[in-house]
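To keep things clear, I will list the structure first and then write my remarks on it.
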Amino acid sequence: MKHSIDLQDFWHTFEQILIENGEPFKIIHENASKGIQTHYANVNKLKIRNNNCVDISLVRRSNFLRVGLYIYDKNSSVGKCILANRQAINAKLSFAPDWEWGVRNVNTLWVVKKFPIDDMSCRELIEEALPIIMEFIGIAKEYGQNYFFDF
């Protein structure tokens, strides 16, 4: 069964949970130039969008929350570094991530964990995902510090 989550409510709740947890990181989830709410966010203390990021996406059409590394081009320096360290990255994470290629851009690399939305509240979903996001931030710092903005 599809569960409807309002984008504005989701991101507001996410921001509140970050504050409650001492703001371990910041996110940008609005398209400022168009003034619209997006279904995805980049983790970035500077609140600047970047092609390579720790991504948080609410994929409502498929009924899941996706968190993980988003690499725009697997053939870029950071893409090659992440792919070359695939086994080490898998070993460092407390879960088995999905390694996926983009649909629209086949050069896009996703290293992700998906959380089914089901009947969870926004708060429950975010609180379940938060430790995993922190793990992905650690991976991004270790393997892509020169390619990601500050966390």
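In my numbering, the protein residues as written are 1418 to 1568.
Even glycine gets a Cβ: it sits at the ideal position worked out from N, Cα and C.
If you pair each beta-carbon of the region 1484-1492 with each one of the region 1518-1529, do three or more pairs fall below 8 Å?
The region 1484-1492 vs the region 1518-1529: in contact.
With a threshold of 6 Å on Cβ separation, who are the neighbours of tryptophan 1428 within its own chain once the five nearest residues in sequence on each side are excluded?
Mapped onto the sequence shown, residue 1428 falls at position 11. The residues are His1446.
Does the distance from the CB of glutamate 1552 to the CB of leucine 1500 come in under 9 Å?
Here residue 1552 corresponds to residue number 135 of the sequence shown, with the count starting at 1. Here residue 1500 corresponds to residue number 83 of the sequence shown, with the count starting at 1. Cβ atoms of glutamate 1552 and leucine 1500: not closer than 9 Å.
Taking 8 Å as the limit between beta carbons, can you name the residues of its chain near tyrosine 1457, skipping five residues before and five after?
The count along the sequence shown starts at 1 and reaches residue 1457 at position 40. For tyrosine 1457, where only same-chain residues beyond five positions count, the Cβ hits under 8 Å are His1446, Asp1472, Ile1473, Ser1474 and Leu1475.
In this structure, how does DSSP classify proline 1533 when only helix, strand and coil are distinguished?
The residue you call residue 1533 lines up with position 116 of the sequence shown. Strand at proline 1533.
Nearest to lysine 1497 by alpha carbon, out of Leu1435, Tyr1560, Val1529 and Gln1425?
Counting from one through the sequence shown, the residue named residue 1497 turns up at place 80. Closest option to lysine 1497, Cα to Cα, is Tyr1560.
Where DSSP assigns a beta bridge to tryptophan 1428, which residues make up the other side?
In the sequence shown, the residue the question calls residue 1428 occupies position 11. Tryptophan 1428 pairs with nothing; no bridge assigned.
What are the start and end residues of each continuous alpha helix (DSSP H) run of 4 or more residues lying completely inside the region 1449-1511, in chain order?
Whole alpha helix (DSSP H) segments, 4+ residues: 1494-1501 and 1503-1509.
Give the range of the beta strand (DSSP E) segment to which glutamate 1517 is assigned.
Locating residue 1517 in the sequence shown gives position 100, where the first residue counts as 1. Looking at the DSSP string, the run of the beta strand (DSSP E) that includes glutamate 1517 is 1515-1518.
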